[in-house]
Structures are given as structure tokens and as C-alpha cells.
Amino acid sequence: MSHFSIQCRKCGTKLEGTYCAFCEHCKDALRVTDYKDARFTESRAQGVWRFNWLPVHEPKISQVGPLVYRSEGLAADLGLDELYIAFNGYWPEKGALLETCTFKEFEAAVVLQNARENNIEGLIVASAGNTARAFAHLSAVTGFPAVIVVPRMCLMEMWYLERQFAVPTLAVHDGDYSDAIDVAKKIALATGYPFEGGVKNIAKRDGLGIVMLEAVSKIGKLPDHYIQAVGSGTGAVGAWEMAERFVKDGRYGSRLPMLHLGQNLPFAPMLHAWDKGSRALFPEDLDPELIPRITTRVLSTRYPAYSVLGGVYDALTATQGRMYGIENGAVYSSMERFLRTEGIDIVPASGVAVATLAQAMAAGSVRRSDTVLLNITGGGEARLRQDRKTYAVVPKFVSKNITEKEIEDLLCHDLKKNS
Ligand SMILES: [Zn+2]
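Taking my numbering, the leading residue of the sequence shown gets 12, the next gets one more, and so forth.
See below:
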């Protein structure tokens with residue numbers, strides 16, 4: 012018997028033993044993992060597999076979690092009494108050992124394990140950067156086949172932990188992250204391996220929700236506020252879903268943490284829709300011309316999980332949350348502020364989160380005595396390079412208009428499932 016089933020947010024139908032990434036139950040709604048054990052428990056296992064609320068049964072490879080600690084430097088600088096930082100990255104002096112330097116590693120770990128347990132033989136992954144590194148690394152570590160598709164514009168900021176992975180990486184030379192998603196879906200059709208499913212994959216959201224699991228385990232209660240930079244919003248939805256489970260459990264507080272989500276201006280489709288009270292995104296806010304003007308390319312998807320039932324719009328509504336827009340200048344100064352006050356480098360997306368927290372305080376939405384959880388989704392890249400070499404990503408270039416024949420030629424020798 013599985014310790015979980017999957018429930019549709021819209022019609023309530025329960026699905027057992029389904030690999031949710033391509034379950035199209037109600038097309039406009041997300042499905043959510045329903046864990047039979049409503050009480051949060053931690054086993055004696057190491058790392059993230061000690062948590063009972065993950066959709067996996069028998070993970071074979073250990074996986075370290077985030078470092079959650081109570082801040083002194085940044086807390087004093089911001090004027091907060093109870094600031095907890097979830098640091099997702101490499102900072103061995105402090106006990107953070109995530110060599111991919113991104114919280115996407117939790118997503119990749121849970122997604123690959125969940126896929127394996129559902130007899131999936133390989134996955135096609137689309138990424139704007141961090142997810143690629145996380146999946147490439149874990150695909151290599153676990154021997155699970157994956158094909159990774161990224162937009163060329165993100166290659167500059169991308170790096171891998173190994174010189175060469177047995178993981179094919181394709182770069183779309185004439186498109187952005189959203190085009191990479193489209194190419195990934197085409198490759199999925201051509202190879203017979205499924206697309207990882209984006210926000211629809213429950214394993215993805217529950218994996219990212221590990222940050223909330225670790226935080227509540229550490230703090231002993233739900234925080235009043237949760238701060239994160241968002242691109243697709245998948246991580247924020249995952250945090251909200253985990254918080255809902257803690258509220259149902261009843262021992263960690265009865266109020267959902269208020270979500271404070273930041274986007275990098277001028278590409279901020281969710282911010283603009285939310286400010287106008289709209290569940291629908293506006294086409295002018297999704298203009299690809301805006302994307303080269305932001306510093307955080309990892310936040311550049313034109314397909315965010317905003318309007319879908321159970322997505323960011325609903326998460327903000329349920330938690331009385333807010334959205335914030337962060338200028339490039341504030342991103343850089345916030346990265347410096349974190350380095351100065353906490354003593355470790357962070358990535359631009361984390362700079363967006365720090366600036367979001369500062370804005371939320373200035374607006375009076377976060378008060379001095381509140382318990383705050385700041386999700387530093389990536390950091391310690393500079394620190395990692397003191398200890399080990401990292402490598403540029405060497406992809407095969409493809410067009411967003413790639414044909415099935417071209418996909419065959421590119422991948423059939425490595426990865427043809429149906430041959
Ligand atoms: Zn349904």
C-alpha cells in the first residue's frame with residue numbers, strides 16, 4: 012500500500028499509483044499529493060528522506076537537505092527579531108553541502124525517484140539553468156536517463172559539476188525558456204520518454220516543498236511569512252501545499268504563512284496580474300522582448316503556474332499573500348547585502364528574494380516581531396569554486412522548429428526507447 016494518493020484540486024477525484032506528470036485529469040487544475048499520514052513525522056533516515064510527506068518509497072541514494080538557520084547579521088540589518096534563512100547551496104563552514112548550489116536539486120531528487128518507482132525509464136527536462144544542473148547531476152549520480160533542453164540565452168550563466176555528463180543537453184539557439192519547454196515536449200513525443208511535466212508533476216512541487224519541511228522541523232512551527240523569488244512559481248506553490256499539510260496536522264500553528272513573492276522587473280507577469288486582481292495573465296506582460304532586460308534569467312518563463320487552479324493565484328489568495336517587483340539594481344545590491352551581513356555569496360534570484368523581504372518590511376506587511384522564512388534558493392557558487400572545479404555546459408544546438416527527423420538523428424543512438 013502506498014502512503015499517498017493524488018487528488019485533483021478541482022473535482023476531488025483520487026488517483027492511486029499514477030505518474031502524475033502526464034495525468035490530464037482536469038486540464039485546468041493541479042493535482043495534489045494526499046498523504047495518508049496527516050501527522051508530520053521524521054524517521055531516522057539521513058537527509059531529506061527522513062520526511063514522511065514525500066511521494067517516494069525506497070530511495071537508494073542519500074540526498075542532503077537545505078540548511079535552515081536563525082539569522083543574526085541580515086536580521087539585525089533589516090530589523091527583524093526572528094528571521095530564519097533556508098540556505099540552498101554550498102557553505103561547508105555552516106553545514107550546507109548542496110554542490111549544485113540550488114534548491115532545484117530537491118526537485119530533481121524527488122522527481123527522478125518518483126519516476127523510477129512508477130516504472131518510467133527516462134525523462135525529458137526543460138530548464139532555464141538551475142534545473143538543468145540539478146537533473147544532470149542526479150541523472151549522473153543515479154544512472155537515470157534524462158535529456159535536458161535549455162535556451163541558449165541561459166548558457167552564459169550555466170555550469171555543470173562534471174566535465175561531461177552522459178546526459179545529452181540541447182540548447183535552443185533561437186528561443187527562450189518557453190521555447191525550450193516546447194522543444195522538450197516534441198522530444199518526449201519522438202523518443203517515448205515523458206516530459207517531466209512542469210508544475211503539474213506533484214513530485215516536483217513536493218520536492219521543492221522540502222524547504223518548508225526542513226524549516227518547520229527546525230523552527231518547530233510554521234513561520235508567519237514565506238519569502239521567495241518566482242519564475243514559474245512552482246516552488247512557492249510547493250511551499251504553500253506543505254504549509255496546508257502542517258495546518259491540517261494542527262501541531263504547528265493554524266495559519267498559513269503569508270507568501271511574499273518577488274519577480275525581476277521589467278519581466279513580472281504575475282506581479283502585474285496580481286496587482287490588477289486578475290487570475291489571467293496579460294499578453295503584454297509576457298512579451299519575450301522583456302526577458303533580455305532582467306538579470307535573473309532563471310525567472311524568465313512565459314508559462315508560469317499562475318492561473319491554473321491550485322497555482323500561484325490561489326496560493327496568494329489563500330495566504331493573503333503579496334507580489335513585489337524588483338529592479339536589477341536592487342538585485343545586485345541585495346546580493347552584496349547578503350554577502351556583507353551573512354558572509355556568503357548568493358545567486359541573483361536569491362537577491363530578488365532579499366529585496367522582496369526588504370520591500371515587504373517597508374510596506375508594513377512584515378513586522379519586526381514576526382517569524383520570517385527567507386528562501387535563498389541558490390547560493391555558495393563562488394564558495395564552491397574555491398573547493399572544486401566546475402564546467403561550462405557544452406550543448407548540441409537545435410532550433411525551436413526542430414523536426415521529428417532531426418530529433419531522431421540527434422538522439423536515436425543514445426536514447427531511443429521504442430527501438
Ligand atoms: Zn479532476
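Ideal placement from N, C-alpha and C gives every residue a C-beta, glycine not left out.
Strand pairing of residue i, partner residues [DSSP]
i	result
M12	Note: M12 sits in no beta bridge, so no partner.
A162	Correcting the residue identity first, residue 162 is Pro in this sequence and not Ala. DSSP lists V183 as partners of P162.
R216	None, per the DSSP bridge assignment.
V409	V183
V136	I159
V79	A97
I418	Its beta-bridge partners do not exist; DSSP assigns none.
A107	W102
F206	I135
R42	C19
F62	E53
I238	H271, L385
T6	As shown, the chain starts at 12 and ends at 430. That puts residue 6 outside it, with no answer to give.
L26	I17
W170	A403
Beta-carbon proximity list for residue i, same chain, < 8 Å, skipping 5 on both sides
i	result
E93	R81, A86, S380, D381, T382, V383
G264	K232, L233, F257, V258
Y46	H14, F15, N63, W64, R256
K428	Its pLDDT being 47, under 50, K428 is placed unreliably by the model, and nothing is read from it.
E168	G140, R308, V309
Y28	Rather than Tyr, the amino acid found at residue 28 in this sequence is Gly. Correct list, in chain order: S13, N129.
S243	G209, V210, T312, Y314, P315, A316
A371	H236, I238, H271, R333, Y335, V377
Rounded distance between the beta-carbons of residue j and residue i, thought under 8 Å
i	j	result
A97	N339	Not really, about 24 Å apart at Cβ, beyond 8 Å.
A145	V178	Actually they do not touch by this definition, with Cβ atoms about 11 Å apart.
E128	V67	6 Å
W170	Y402	6 Å
G273	I337	5 Å
D296	P315	10 Å between Cβ atoms; not a contact.
Y30	A126	7 Å
S344	T388	With 8 Å as the limit, S344 and T388 do not qualify as a contact, their Cβ atoms being about 18 Å apart.
A326	V248	5 Å
R304	F278	7 Å
K407	L181	5 Å
G321	A40	6 Å
Cutoff 6 Å; reference residue i; Cβ partners in own chain excluding five residues on either side
i	result
A191	A137, V160, V161, P162, V183
Q6	Outside the shown range of the chain, which is 12 to 430, sits residue 6, and nothing can be said about it.
F206	I135, A195, K196, A199
C37	C19, K21, C22
E118	K215, G218, L219
E353	G84, L85
L26	I17
T306	N339, V342, P359
T367	I238, H271, G273, Y335
E225	G76, P77, V79
T111	R144, A145, H148
Any non-hydrogen atom of ligand 1 closer than 8 Å to residue i Cβ
i	result
K21	yes
T24	yes
A145	no
H14	no
C37	yes
A40	yes
Same chain, Cβ closer than 7 Å to residue i, five either side skipped, listed in chain order
i	result
E419	A201
V75	G58, L108, L109
T330	W251, L267, P268, M269, L270
T153	I72, L123
I213	I17, C31, R42, V43, T44, P66
I302	D187, F278, S311
Below-9 Å beta-carbon distance, residue i vs any chain D residue
i	result
G390	No chain D appears in the structure shown, which is made up of a single protein chain.
Runs of 3 residues minimum, wholly inside the segment 270-351: which ones carry the beta strand (DSSP E) assignment? 333-337
Restricting to runs no shorter than 4 residues, where is the alpha helix (DSSP H) found entirely within the segment 354-399? 359-373, 392-398
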